[in-house]
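Chains as they are written, first to last, in our numbering: chain B, 89 to 259; chain Y, 3 to 464.
Quick look at the structure:
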């Protein structure tokens with residue numbers, strides 16, 4: 089790819105990720121759902137504290153348990169739950185800020201783009217509850233009719249025991 | 003065998019702590035916040051009880067270890083060269099440093115990162131750096147091995163440990179009700195633990211999390227959103243027929259049941275027919291199953307659980323803090339981290355005989371029910387934490403919680419084999435039983451006193 093093209097793609101991808109983050113922070117969950125491909129896999133494996141000798145065990149295997157292991161219908165349920173007024177973990181609603189940075193495009197294959205980013209999701213809940221979730225995100229985007237769709241989102245958090253009451257937010 | 007244990011029960015045991023009377027279904031809020039009561043719970047419940055450690059398939063090879071807790075005592079559960087599973091306190095005998103700082107792994111020895119004392123997989127002290135030069139060989143290495151749990155045993159592959167040498171055998175400890183709980187995970191024969199234990203922290207008292215597992219009253223309201231989005235079938239989750247079984251020492255099962263009529267229809271099917279029905283997708287299964295409850299229990303399971311136990315498809319709790327959940331495929335440990343803080347751990351086991359499709363469907367159901375991201379559990383934590391925290395208010399604290407639902411309204415049934423059940427609607431019998439036994443554990447100074455003073459499983463009106 090020529091430098092000019094690469095810069096343009098980087099810009100397009102970053103702008104897409106920022107817009108997506110803003111939709112989540114603005115609670116425009118329906119519009120966020122529309123960015124997902126039908127075949128999306130949204131996954132957050134269990135991460136564990138292990139010794140250097142046992143780093144191969146750091147993440148639970150993909151056929152093991154995970155915090156999130158969602159397809160589009162699962163995410164649809166999460167979104168509808170967020171939009172209902174009886175999802176008590178989100179009523180009163182949390183205030184979130186999704187930061188996305190260190191965006192690196194790893195691979196471009198036709199209409200498909202693999203990228204990695206550093207994420208920081210800040211959640212302020214009720215009057216005195218603060219959560220900070222920091223980690224690495226591996227996304228795969230597909231260009232459909234000129235717009236991006238997300239068809240893979242794998243989230244690797246930088247904490248092991250989750251120091252939060254729940255994960256009621258979308259990463 | 004390690005030596006030099008110092009015992010000073012008077013200094014350790016907060017024997018003068020006031021233990022509120024909970025038998026009338028009124029729960030004094032101090033039990034969720036009082037730091038002295040909490041210390042007493044650690045001493046007289048956790049350090050005395052059989053605590054769940056892990057399933058045998060989590061540590062299959064020599065040197066495999068998994069860290070767990072008995073109250074706030076951290077233990078290394080490790081398989082030795084001899085294949086035996088031991089539970090050792092994770093604290094160096096020299097200066098108390100944590101030997102193992104990982105959650106799990108494989109090792110040949112445990113080496114302390116402070117001064118290098120080195121222990122074997124069986125806890126023996128293998129090496130002391132500078133033993134000749136600095137200790138002048140004046141240390142009896144044999145006596146400074148890791149402190150082991152008093153007893154480690156398993157029931158059909160599920161390992162437990164107790165720190166109290168006076169504890170009864172695990173089999174007797176579990177009793178009929180505790181064993182039914184474990185048998186509910188073995189309906190399809192041998193199981194294997196799935197890789198990965200979900201862990202998160204909730205700012206609540208551990209008992210609020212525990213009593214919630216029997217609470218089929220909260221489902222409709224707390225989990226309203228999960229049913230509105232189509233995840234939860236409220237009618238199936240909250241039938242009007244409920245069964246409670248109460249076991250000595252605080253074990254209990256509470257929740258939906260298979261009725262006698264449904265059980266007769268299950269009995270008329272062969273085991274193969276039952277398996278075939280459970281392999282159907284939900285919508286197909288509904289048309290042919292004798293009961294909504296899952297799974298259809300086998301002839302062997304019925305023999306192991308008894309004619310009443312086999313119909314108890316609600317939630318078992320093995321006292322104090324092991325909930326057997328999610329159709330017998332998960333266990334949730336509620337680990338105390340101070341009066342107002344609890345770690346929730348989710349273990350998952352699945353039958354080795356499951357087809358890949360069954361396994362996939364089960365995993366999907368499990369992942370979306372529980373754990374911090376679960377569509378159900380998401381909405382529990384804040385309720386539990388607010389219920390705990392409101393007990394801090396000086397005046398709020400004077401108003402006890404009401405746990406009187408169906409009190410004095412039901413009769414314990416005793417069947418020909420002696421198994422007891424309460425067959426009724428949504429109720430709070432199991433919660434009241436849990437707190438009644440909790441108070442008995444706290445009052446008794448040791449195991450002999452507990453065994454002499456504990457309530458028998460109730461009969462008559464409850």
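A virtual CB, placed ideally from N, CA and C, is assigned to each residue, including glycine.
Relative to the alpha-carbon of residue i, which residue among the options has its alpha-carbon at the smallest distance?
i                     : options                       : result
residue 407 (chain Y) : Y:423, Y:431 and Y:400        : Y:431
residue 319 (chain Y) : Y:178, Y:250 and Y:254        : Y:254
residue 28 (chain Y)  : Y:447, Y:459 and Y:434        : Y:434
residue 402 (chain Y) : Y:390, Y:411, Y:120 and Y:427 : Y:390
residue 242 (chain Y) : Y:256, Y:230 and Y:148        : Y:256
residue 335 (chain Y) : Y:273, Y:349 and Y:119        : Y:349
residue 461 (chain Y) : Y:358, Y:113, Y:415 and Y:426 : Y:415
residue 126 (chain B) : B:106, B:202 and B:163        : B:163
residue 515 (chain Y) : Y:207, Y:130, Y:235 and Y:246 : This structure cannot settle anything about residue 515 (chain Y), because the visible part of chain Y is limited to 3 through 464.
residue 243 (chain B) : B:102, B:256, B:135 and B:237 : B:135
residue 224 (chain Y) : Y:377, Y:423 and Y:450        : Y:377
residue 137 (chain B) : Y:333, Y:54, Y:45 and Y:67    : Y:67
residue 246 (chain B) : B:89, B:118, B:178 and B:220  : B:220
residue 283 (chain Y) : Y:107, Y:63, Y:361 and Y:49   : Y:361
residue 143 (chain Y) : Y:226, Y:392, Y:44 and Y:95   : Y:95
residue 369 (chain Y) : Y:385, Y:328, Y:404 and Y:286 : Y:328
residue 227 (chain B) : B:192, B:211, B:198 and B:213 : B:192
residue 73 (chain Y)  : Y:120, Y:32, Y:321 and Y:59   : Y:321
residue 202 (chain B) : B:105, B:91, B:90 and B:92    : B:105
Pick helix, strand or coil for residue i, following the three-state DSSP scheme.
i                     : result
residue 149 (chain B) : coil
residue 118 (chain Y) : coil
residue 350 (chain Y) : strand
residue 182 (chain Y) : helix
residue 439 (chain Y) : helix
residue 7 (chain Y)   : coil
residue 189 (chain B) : strand
residue 132 (chain B) : strand
residue 290 (chain Y) : helix
residue 233 (chain Y) : coil
residue 344 (chain Y) : strand
residue 277 (chain Y) : helix
residue 431 (chain Y) : helix
residue 140 (chain Y) : coil
residue 59 (chain Y)  : helix
residue 1 (chain Y)   : Any answer about residue 1 (chain Y) is impossible in this case: the structure gives chain Y only from 3 up to 464.
residue 111 (chain Y) : coil
residue 172 (chain Y) : helix
Below 8 Å between beta carbons: does that hold for residue i and residue j?
i                     : j                     : result
residue 275 (chain B) : residue 167 (chain B) : Coverage of chain B is limited to positions 89 through 259, which leaves residue 275 (chain B) absent and any answer about it impossible.
residue 111 (chain Y) : residue 128 (chain Y) : yes
residue 169 (chain Y) : residue 347 (chain Y) : no
residue 225 (chain B) : residue 204 (chain B) : yes
residue 128 (chain B) : residue 159 (chain B) : yes
residue 200 (chain Y) : residue 153 (chain B) : yes
residue 251 (chain Y) : residue 438 (chain Y) : no
residue 123 (chain B) : residue 108 (chain B) : yes
residue 248 (chain Y) : residue 179 (chain Y) : yes
residue 143 (chain B) : residue 184 (chain B) : no
residue 317 (chain Y) : residue 216 (chain Y) : yes
residue 207 (chain Y) : residue 342 (chain Y) : yes
Going by beta carbon distance, what residues of the same chain come within less than 7 Å of residue i, once the five residues before and after it are set aside?
i                     : result
residue 105 (chain Y) : 69
residue 189 (chain Y) : 297, 299, 300, 303 and 330
residue 185 (chain Y) : 303, 306 and 307
residue 125 (chain Y) : 88, 90, 147, 148 and 150
In its own chain, which residues sit with a C-beta less than 6 Å from the C-beta of residue i, not counting the 5 before and 5 after it?
i                     : result
residue 267 (chain B) : Limits of chain B in this structure are 89 at one end and 259 at the other, which puts residue 267 (chain B) out of reach.
residue 258 (chain B) : 112
residue 19 (chain Y)  : 38, 39 and 42
residue 219 (chain Y) : 428
residue 152 (chain Y) : 164, 165, 166 and 167
residue 229 (chain Y) : 236
residue 221 (chain Y) : 239 and 240
Excluding five sequence neighbours on each side, which residues of the same chain lie with their C-beta closer than 8 Å to the C-beta of residue i?
i                     : result
residue 262 (chain Y) : 313
residue 254 (chain B) : 177
Scan the segment 311 to 338 of chain Y for residues whose Cβ lies nearer than 9 Å to a Cβ of chain B and list them as they occur along the chain. none
Between the segment 181 to 214 of chain B and chain Y, which residues of the former have CB atoms less than 7 Å from a CB of the latter, in chain order? none
Taking beta-carbon pairs under 7 Å, can you tell me which members of the segment 157 to 178 of chain B lie near chain Y? 157, 162, 165, 168, 169, 172, 174, 175, 176 and 177
Mind listing which residues of the segment 120 to 141 of chain B have their C-beta closer than 8 Å to chain Y's C-betas, in chain order? 132, 133, 134, 136, 137, 138, 139 and 141
Listed in chain order, which residues of the segment 103 to 115 of chain B have Cβ atoms closer than 9 Å to some Cβ of chain Y? Listed by position, the residues of the segment 103 to 115 of chain B near chain Y (Cβ gap below 9 Å) amount to none.
Please identify, using Cβ separations under 9 Å, the residues of the segment 232 to 259 of chain B that lie next to chain Y, in order along the chain. 248, 249, 250, 251, 252, 253, 254, 255 and 256
Taking any Cβ of chain B, which residues in the segment 354 to 371 of chain Y have a Cβ under 8 Å from it, in chain order? 365, 366, 368, 369 and 370
Please name the residues in the segment 96 to 118 of chain Y whose beta-carbon is closer than 9 Å to at least one beta-carbon of chain B, in chain order. 102, 103, 104, 105, 106, 107, 108 and 109
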